[in-house]
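These notes concern the structure reproduced below.
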């Protein structure tokens, strides 16, 4: 049997080293962030390597393999893709920029057993950044599918959260993700550089944003799209974890502590496949590669999380399944400033939030029908 299913490395890291990461930021402010981040890294666990034996002894690898195999089978069935296609995984090490993401898997062929492909967690701690990155909107809905009417390459994310202090999965945590659409525009904010800043309705948009609780195995699943790019940044997804938050009657969360903020990056070979398809190919903004991105280029000291993926079919357009485990420190909490808050009356901008990033076409997503949330997460 033959298959062109290919997976590669996705890196993850946090603090931007260029002004484009936080527009309007001075060099002094940027240097202060770098120094604070260095201080954090020098005093906190940076890897889940010390948890490997404990997780394996508890059967975590076996459980995650079974879960991921079942999810890919389910996704293929949903998309009417043959279940007979085996998995071929290849890592594009040369494209993953000065990192320590060397594959410990060799000789992967179309006949490789799925237990080899899906077993284990290539993972490290996501080191917190001092600021949350652009365009976090508080008060987003708890939901698994955040796609709405957006178009692009379907992406199912399977994320396991591990406490670096106990090496135990973290159940009942809330993981929040948000990212731009295929043409580089974020929903939920109106700002210079984020699409057409004259389109005020985008403040009410909720596409490609959502929150999910982790199960007893510390696992969260999202159905979304592979994000596009915008000027100055490579393709990425923002992630944020909340502990001890309360689920409100309007399907939002409030209270608790924000314990982690990070970004997930994609291997350049996968980005190239995606960007060649519509509607990504219609994006006229300058494409920033991983090598040119300030975040990716600096994260080369062994603490980047590595995310795996497989194509569900013979072509990237048939969808992608990705998985990762990352470590979080449950003893920390961060005070994060939202760019806006989603309320029952729509989005409300925060005048004290930072500016936008990069240009792009106006968002194509519409405000979903139904009752908008009335409460926002607090930190």
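Residue numbers (mature numbering (1 follows the signal peptide of the UniProt record, and there is no 0)): -21 to -1, 1 to 358.
Don't be surprised by glycine CBs; every beta carbon is placed ideally from N, CA and C.
Since the structure is predicted, the reported quantities are computational estimates derived from the model, not experimental observations.
Candidates the options: closest to residue i by CA position
i: residue 230; options: 163, 116, 121; result: 121
i: residue 254; options: 294, 239, 243; result: 294
i: residue 192; options: 210, 183, 219, 170; result: 219
i: residue 323; options: 123, 228, 148; result: 228
i: residue 308; options: 53, 147, 57, 171; result: 147
i: residue 327; options: 287, 170, 175, 55; result: 170
i: residue 55; options: 330, 291, 325; result: 291
i: residue 265; options: 210, 331, 182, 310; result: 210
i: residue 145; options: 52, 226, 256, 30; result: 30
i: residue 297; options: 256, 123, 331; result: 256
i: residue 302; options: 240, 310, 287; result: 287
Same chain, Cβ closer than 6 Å to residue i, five either side skipped, listed in chain order
i: residue 262; result: 162, 163, 207
i: residue 95; result: Reliability of the predicted coordinates at residue 95 is poor, the pLDDT of 47 falling under 50, and the value obtained from them is presented with this limitation in mind. Excluding residues within five positions, none has a Cβ falling inside 6 Å.
i: residue 251; result: none
i: residue 57; result: none
i: residue 155; result: 190, 219
i: residue 196; result: 148
i: residue 6; result: Per-residue confidence for residue 6 stands at a pLDDT of 46, beneath the threshold of 50, marking its modelled position as unreliable; the derived number appears in the next sentence. Same-chain partners within the cutoff: there are none.
Within 8 Å, strictly: CB atoms of residue i and residue j
i: residue 200; j: residue 119; result: no
i: residue 137; j: residue 178; result: no
i: residue 237; j: residue 114; result: no
i: residue 242; j: residue 217; result: yes
i: residue 306; j: residue 190; result: no
i: residue 123; j: residue 202; result: yes
7 Å CB neighbourhood of residue i in its chain, flanking five on each side removed
i: residue 188; result: 116, 119, 125, 157, 166, 167
i: residue 224; result: 153, 232, 233, 234, 235, 356
i: residue 258; result: 130, 131, 161, 162
i: residue 176; result: 169, 170
i: residue 74; result: Summary for residue 74: the model assigns pLDDT 37, below 50, so the residue's position carries little reliability, and this model does not support an answer.
i: residue 226; result: 121, 232
i: residue 310; result: 144
i: residue 260; result: 254
Cutoff 8 Å; reference residue i; Cβ partners in own chain excluding five residues on either side
i: residue 204; result: 126, 129, 130, 131, 132, 133, 134, 160, 161, 187
i: residue 194; result: 150
i: residue 329; result: 316, 317, 318, 319, 320
i: residue 331; result: 316
Chain C within 8 Å of residue i, Cβ atoms only
i: residue 242; result: Absent from the structure: chain C. Only one protein chain is present.
Q: Could you name each continuous beta strand (DSSP E) segment of 3 residues or more that falls completely within the stretch 288 to 343, going from the start of the chain to the end?
A: 299 to 307, 319 to 322, 325 to 328
Q.
I'd like the ranges of any beta strand (DSSP E) spanning at least 3 consecutive residues and lying wholly in the stretch 191 to 231.
A. 198 to 204, 215 to 222
Q. Which ranges would you report for the alpha helix (DSSP H) in the stretch 110 to 135 if only whole runs of at least 4 residues count?
A. none
Q.
Which runs of the beta strand (DSSP E) at least 3 residues long sit entirely within the stretch 146 to 184? Give them in chain order.
A. 153 to 157
Q: List in chain order: all unbroken beta strand (DSSP E) runs of 3+ residues lying wholly within the stretch 224 to 269.
A: 236 to 244
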